[in-house]
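Quick notes on the structure that follows.
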Amino acid sequence: MTTTFLSKSQQVALQQALISSKLLNSYTINSDNTPSSEQQAYSHIAVTLYRFNLQKIKWSSFLKTAISTATDVCQWISSELVRCQQDYQAQPNDALMIEQHAFFSGVFSEELAYIDALLGTEAQEN
1 MTTTFLSKSQ QVALQQALIS SKLLNSYTIN SDNTPSSEQQ AYSHIAVTLY
51 RFNLQKIKWS SFLKTAISTA TDVCQWISSE LVRCQQDYQA QPNDALMIEQ
101 HAFFSGVFSE ELAYIDALLG TEAQEN
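Residue numbers for the sequence shown follow UniProt numbering, beginning at 1 and rising by one.
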């Protein structure tokens, strides 16, 4: 696996989010590190963003899901998501969506790289 700056509990949260979203099958999580609710929310948002990258969801659906996940857990990311949703609703166009996608891909770059590495490893094992 590639080197990651994510803590063990962040990795566990991502693994759990991947399993619950059915992107990862029968993966054994070997850790005593319990993720915080904030780590779980970040992981769920990262997995949803990953699914968007796979073209399985629409941008408006990503924003709606991410907002509901972040509300009451991650104030700053929730505020950013709401701002992006308002901008997108006011002027839904590809340029705005690309800009917002780039922003969130940057915010979740470590999580997305970990997901890529983990799913790449699973695909090779099957």
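Just so it is clear, CB atoms sit at the ideal spot from N, CA and C, and this is done for glycine as well.
Because the structure is a prediction, the values reported are computed rather than measured.
Reduced DSSP secondary structure (H/G/I, E/B, other) of residue i
i	result
N126	With a pLDDT of only 45 at N126, under 50, the local geometry of the prediction cannot be trusted, and the value read off the model is given with reservation. DSSP places N126 in coil when its eight states are reduced to three.
C74	coil
S68	helix
V107	helix
I98	helix
S37	helix
F5	coil
N93	coil
Q16	helix
D87	helix
Q11	helix
Nearest-angstrom Cβ-Cβ length linking residue i and residue j, presumed shorter than 8 Å
i	j	result
T4	Y114	5 Å
Beta-carbon spacing of residue i, residue j below 9 Å
i	j	result
Q75	S43	no
L96	L18	no
S60	Q89	yes
V73	S21	no
T71	F62	no
F104	C84	yes
A13	Q40	yes
S46	E111	Note that residue 46 corresponds to Ala in the displayed sequence, not to Ser. In contact: A46 and E111 (Cβ atoms closer than 9 Å).
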